[in-house]
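For reference, the structure discussed in these notes is given below.
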Amino acid sequence: MAGVFDKPGSRYDTNRRVKMVLVRHGVNLALLKWSSSSTTTYFYGVLKKEPDDDFSLTALDALIKDMIHMSHAPRIRFNLENWDISSETGSWVITKKKPVKTAAPAAEKIRNVVIHTNEKPEDVLRDMEKEKHSGGRRRNKT
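Residue numbering for the sequence shown follows the numbering used here, starting at 7 and increasing by one per position.
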């Protein structure tokens, strides 16, 4: 019995077809997200091969052509972190983005704090603030 999920041209059917193409091309599905409407399929996240390999331009071109052929959505839009992919006058422009450093410089100084005594959270936070301003010297509580 066919339901709304199996109806050809439904967004569920289009999403299923898109997933089939992505799996066939070895896309890491944990990094890439997609959603389809009746007119457009949107991709966002990171487009990489399993387990963590980059696509070649030739492989990406084949993936896009397969996607256009298999999905019922006439348009495909990409908003990826590692590739610029756009359609201009009937052809696809594919450019590898430069890696973006995601960690802020201050994030490198983050460390774990282990609390060995039963203290109120506000006391711990106050001590951490004092430690931060004193240049990292720790004061022992008795």
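Glycine included, each C-beta is placed from N, C-alpha and C at the ideal position.
Check                                                                                             : Outcome
Cβ-based burial, HIS139 [other Cβ within 10 Å; buried from 16]                                    : exposed
Helix, strand or coil at LYS126 according to DSSP, with G and I counted as helix                  : coil
Buried or exposed (CB count within 10 angstroms, at least 16 for buried), LYS126                  : exposed
CB-CB length for VAL24 against THR47, believed under 8 Å                                          : 6 Å
Which listed residue (ALA68, ARG83, ASN85) has its alpha carbon closest to that of VAL27          : ALA68
Nearest-angstrom Cβ-Cβ length linking GLY51 and LEU86, presumed shorter than 8 Å                  : 7 Å
Residue ranges of each alpha helix (DSSP H) within the segment 44-78, 4 or longer                 : 63-76
Sequence-distant residues of its chain with Cβ nearer than 8 Å to MET76 (five each side left out) : ARG23, VAL24, MET26, VAL27
Exposure label - LEU53; buried when at least 16 CB within 10 Å                                    : buried
N-terminal and C-terminal residue of the alpha helix (DSSP H) that ASN21 is part of               : 17-30
Rounded C-alpha distance that separates ILE82 from LYS104                                         : 23 Å
Contacting residues, own chain, Cβ-Cβ under 7 Å from ASP60 (five flanking each side not counted)  : LYS54
Range covered by the beta strand (DSSP E) that runs through ASP42                                 : Reading off the sequence, residue 42 comes out as Ser, not Asp. Start and end: 38-42.
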